[in-house]
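Numbering (mature numbering (1 follows the signal peptide of the UniProt record, and there is no 0)), first residue to last: -16 to -1, 1 to 953.
To keep things clear, I will list the structure first and then write my remarks on it.
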């Protein structure tokens, strides 16, 4: 707690008071008989007391919520003789915000009241100056504060009081180091439930983890909550406590994700601290793809036992692996070929004219075949073993070499065969000499056969030239021709096949065999394709008729967003499935695992805190299941130090939610019960709770969109009712909204007991219930049924149509119970269609059997959506129906003497000066006001505008109904 101001300052009279008596500064003793100075006042014998004591100007700094701790004593009025009924046993605490500390000219009416302070203990005997005082301590909260500073003021209206001390302070989260991130001194938020998100700063020699930034949240009580993300020590540093220390000599850390420094691998070293990798020793290397943790290695030695075999112009080489592979397993081989001349012995690379089988380099096996060598030529072959660091080595390469001489070889393959002329019975062919004749070509052999006859039945023709004419062929037949050359070393390989089609005998027309087409086949293919297309058209038409795609138009308006009604098509509700109460299980863990899927905590990534729940924090994050895309989820966590009962109650919600599967009920993804923290994972609803979402977007939706939201809620409740489940806490705060404005029922954990709900009140039978949303029979007799959920749904309708306004406004819970029992019902919100308000009134029938069922409610809303004209508010009519039962507790506006009395009655007295300055001095002039007139007075809060206009409309109706003044409505 950070103190702002401690000592009280006496500042004299307040000039705006009519009768003022000063507080007196008097010495006294406390409970331990220690002398103290106090401010006292005890003017109980004189009427009309109005004594003020004000502090100096207090600068608020960065604080937004301020706490005032007061220690005081107060005398019992009954112990003071001669008091004539004017004695008080309380005093008032006020404050006034300002940007400067002038302190002058502040009127009494400008101070805002914080609270009336009463004593827990008062004394009854002795004189105030002689009595040993029993101190009372009271703390009050102010906020949110917006200006630079403020004054505190204490008003006595006739009490005998001694103000001993006042301590003014604010709360903050103190600096902390968490996960190697520094979180600074942080002032708490402006609201009691607010969480201030703080980004951490990594400590020296640390860095943020990728996609996992360090964050924490400062709670309203000055406590750090839910660390998210972390920092990690940079490469070359390791974590030691809350710091990062450098790796010592001989150690390294190559990656920040590694936890600890490691000793340098073999054949490497480091001479400095904070190293991210170790350097290799001389003669040793590390490949570019090697990790820093891999030992340094060296090139292999030369291959062993190289042998060869020559077959004319083909050479086969074979060898053994090197004796030393350099410490690596990636040894391969490459062959270097050189051709050496006979005359001078000079050698040059062989070039691309020869072939290596399977390849020249990157060989894994220890053999290779070299072909297409020249005949009678000298060749040198070098076989080199290489590994991942061979190209890094600066030492001489090691290899095994062999020199060979080729002998006479057959000619190479004939290429470039052409058909010069094709006739009915003969074909003329020509070709080029082989690229490598390897001697003198003495003849060529031509092999040919009919294409449709097996190759083994063929004919040959020989010639010494590079052209030939083949006779005695069949007209209109396809023939295959191949040619090879012959030298003293033998025949070479045949040329590639050449297909030739002789001319038809009848027409002499040349037709390429490869392009002939059969018309019968073409007709068959077209017929089959047409049949397939026809089948698809018929099938598509049937599907379209069934689902309304073809020949059907919806009755809903064309401008209505489809995403708002994803469930607008008929949905088959389950008829046999029934809700099972988890409390019926002897072992609650069995219920959890029967209805909820157990998730691996490693599949869940928490990203940020979005709120605080009953049992712990509520976070948003991502769920990545194996084989599926990651999805956004909300995560409810169970706080540390939970009891077994808290654990059972926490997981009970998952046991309930896991039984539901419907588009308008929040979907349970699974639970984590075998790790810490224990988590419930549900689908993520981007727009949060419905009540706050509506307040944030006040007036921004059309009536049809609001009705769409109500339809979704009713559909979800219909599903729950059909399963036999009673929600018990249906309210807009328990409806979640996604990015498509789809509303889903949620919060099943609080549907049985609501001990921490601020809207709840104790009942005679124990437990708490949300009075403003609960049916009368449930309040009086704790009779919860689907009909009581219908009553609550009517309140939700009112919340939606009023954009999240608080039901029954500032009425107390007891006043709400009494008003409902006497027949009062909430009036129609501003611009609410009469049909919707009538549906609300039907939901609020005193007899629960007369209330509509959820199935009927869905049907009514569907009709409204299909016929939007029923949702229009008639022009010139009041925004809500005049109903004597509805309005019997509404104030009689004719009984008010002035505009100020009326504003006080509707708790809008803060705008008295606004109305007076604008000339609205009578209720008749107020009754003629429009919403534009209200806005022109400087009333900017939409909720206040609606409340004033609703009261003005009721005032008009009363004046017309009771007095007939002729005011135009």
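Just so it is clear, CB atoms sit at the ideal spot from N, CA and C, and this is done for glycine as well.
Minimum length 4: unbroken alpha helix (DSSP H) runs contained in the stretch 426 to 484: none
Entirely enclosed beta strand (DSSP E) segments - the stretch 367 to 423, minimum 3 residues: 383 to 389, 402 to 406, 411 to 414
Spatially closest choice to residue 356 from 295, 405, 431, 665, by CA coordinates: Start at 1 with the first residue of the chain shown, and residue 356 comes out as number 372. Closest option to residue 356, Cα to Cα, is 295.
Distance between residue 909 and residue 811 (C-alpha atoms, nearest Å): What you label residue 811 is simply residue 827 of the chain shown in a count that begins at 1. What you label residue 909 is simply residue 925 of the chain shown in a count that begins at 1. In a straight line, the C-alpha of residue 811 is about 23 Å away from that of residue 909.
Secondary structure, alpha helix (DSSP H): runs of 4+ residues fully inside the stretch 556 to 644: 572 to 579, 628 to 641
Contact between the stretch 260 to 271 and the stretch 371 to 385 (3+ Cβ pairs under 8 Å): yes
Beta strand (DSSP E) segment containing residue 35, residue limits: For the purposes of this step, residue 35 is taken as the residue at position 51 of the chain shown. Note, residue 35: beta strand (DSSP E), 35 to 38.
CA-to-CA distance, residue 180 to residue 199, given in whole angstroms: As a first step, residue 199 is located in the chain shown; it is residue number 215 there, counting from the start. As a first step, residue 180 is located in the chain shown; it is residue number 196 there, counting from the start. Approximately 10 Å between the Cα atoms of the pair.
Residue 774, DSSP secondary structure in three states: As a first step, residue 774 is located in the chain shown; it is residue number 790 there, counting from the start. Of the three classes helix, strand and coil, the one that applies to residue 774 here is helix, per DSSP.
Buried or exposed (CB count within 10 angstroms, at least 16 for buried), residue 629: The residue you call residue 629 lines up with position 645 of the chain shown. Per the 10 Å Cβ criterion, exposed.
Range of the contiguous alpha helix (DSSP H) that encloses residue 918: Locating residue 918 in the chain shown gives position 934, counting from the first residue. 915 to 920 is the extent of the alpha helix (DSSP H) around residue 918.
Whole runs of the beta strand (DSSP E) within the stretch 280 to 351, excluding any shorter than 3 residues: 288 to 295, 298 to 304, 316 to 324, 331 to 333, 339 to 341
Integer Cβ distance of residue 142 from residue 49, believed to fall under 8 Å: Taking the first residue of the chain shown as 1, we reach residue 142 at position 158. Taking the first residue of the chain shown as 1, we reach residue 49 at position 65. In fact, because the Cβ distance is near 32 Å, the residues do not count as touching under 8 Å.
Rounded separation between residue 706 and residue 194 - CA only: Here residue 706 corresponds to residue number 722 of the chain shown, with the count starting at 1. Here residue 194 corresponds to residue number 210 of the chain shown, with the count starting at 1. Straight-line Cα distance between these residues: approximately 48 Å.
Local conformation of residue 764 per DSSP, three classes: The sequence position of residue 764 within the chain shown is 780, counting from 1. Reduced to three states, the DSSP call for residue 764 is helix.
Selected residue, minimal CA-CA separation from residue 759, among 826, 698, 819, 731: Taking the chain shown and counting its residues from 1, the one referred to as residue 759 is at position 775. For the residues 826, 698, 819, 731, the minimum Cα distance to residue 759 belongs to 826.
Cα-Cα separation, residue 907 to residue 708: By 1-based counting over the chain shown, the position of residue 907 is 923. By 1-based counting over the chain shown, the position of residue 708 is 724. C-alpha separation (whole angstroms): 52 Å.
Residues of its chain near residue 921, where Cβ-Cβ distance is below 6 Å and the 5 sequence neighbours each way are ignored: Start at 1 with the first residue of the chain shown, and residue 921 comes out as number 937. So the list reads 898, 902, once near-sequence residues are dropped.
Inter-residue Cα distance where the pair is residue 227 and residue 654: Position 243 of the chain shown, counting from 1, holds the residue named residue 227. Position 670 of the chain shown, counting from 1, holds the residue named residue 654. Cα to Cα, residue 227 sits roughly 37 Å from residue 654.
Residue 827, enclosing alpha helix (DSSP H) - first and last residue: Taking the chain shown and counting its residues from 1, one reaches residue 827 at position 843. Element bounds for residue 827: 818 to 827.
Pairwise C-alpha distance: residue 687 and residue 856: By one-based count along the chain shown, residue 856 stands at place 872. By one-based count along the chain shown, residue 687 stands at place 703. Answer to the nearest angstrom: the Cα atoms are 8 Å apart.
CA-to-CA distance, residue 23 to residue 31, given in whole angstroms: Numbered from its first residue, the chain shown carries residue 31 at position 47. Numbered from its first residue, the chain shown carries residue 23 at position 39. Approximately 21 Å, taken between the alpha carbons.
Top-ranked residue by Cα proximity to residue 311, from 297, 281, 303: As a first step, residue 311 must be located in the chain shown, where it is residue number 327. Checked all of 297, 281, 303; the closest Cα to residue 311 is 281.
Beta-carbon contacts of residue 444 that lie in its chain and below 7 Å, excluding the five residues immediately before and after: Taking the chain shown and counting its residues from 1, the one referred to as residue 444 is at position 460. Only 429, 430, 431 meet the Cβ criterion.
Inter-residue Cα distance where the pair is residue 756 and residue 696: Residue numbering aside, residue 756 sits at position 772 when the chain shown is read from its first letter. Residue numbering aside, residue 696 sits at position 712 when the chain shown is read from its first letter. Taking the straight line from one Cα to the other gives about 22 Å.
Coil, strand or helix - residue 850 by DSSP: To locate residue 850, count along the chain shown from 1; it is residue 866. Here residue 850 sits in helix by DSSP.
Local conformation of residue 757 per DSSP, three classes: Your numbering for residue 757 matches position 773 in the chain shown. If DSSP states are grouped into helix, strand and coil, residue 757 belongs with the helices.
Rounded C-alpha distance that separates residue 678 from residue 595: The count along the chain shown starts at 1 and reaches residue 678 at position 694. The count along the chain shown starts at 1 and reaches residue 595 at position 611. The straight-line gap from Cα to Cα measures roughly 18 Å.
Straight-line gap, residue 602 to residue 631 (C-alpha atoms, nearest Å): Residue mapping note: residue 602 aligns to position 618 of the chain shown, counting from 1. Residue mapping note: residue 631 aligns to position 647 of the chain shown, counting from 1. Spanning the two alpha carbons is a distance of roughly 16 Å.
Boundaries (first-last residue) of the beta strand (DSSP E) holding residue 101: Here residue 101 refers to the residue found at position 117 when the chain shown is read from its first residue. 96 to 102 is the extent of the beta strand (DSSP E) around residue 101.
Alpha-carbon to alpha-carbon, residue 224 and residue 254: Taking the chain shown and counting its residues from 1, one reaches residue 254 at position 270. Taking the chain shown and counting its residues from 1, one reaches residue 224 at position 240. If I take the Cα positions, the gap works out to 21 Å.
Residue 991 versus residue 422: straight-line alpha-carbon distance, rounded: Residue 991 falls outside the range modelled here, since the chain spans only -16 to 953, and no answer is possible.
Separation of residue 918 from residue 939, as counted between CA atoms: For this step, residue 939 is matched to residue 955 along the chain shown. For this step, residue 918 is matched to residue 934 along the chain shown. Each residue's alpha carbon lies about 15 Å from the other.
For residue 786, three-class secondary structure by DSSP: For this step, residue 786 is matched to residue 802 along the chain shown. Coil, per DSSP.
C-beta contact flag for residue 244 and residue 222 at 8 Å: Along the chain shown, one-based indexing puts residue 244 at 260. Along the chain shown, one-based indexing puts residue 222 at 238. In this structure, residue 222 lies closer than 8 Å to residue 244 by Cβ.
Spatially closest choice to residue 805 from 829, 124, 362, by CA coordinates: Numbered from its first residue, the chain shown carries residue 805 at position 821. Among 829, 124, 362, the Cα nearest to that of residue 805 belongs to 829.
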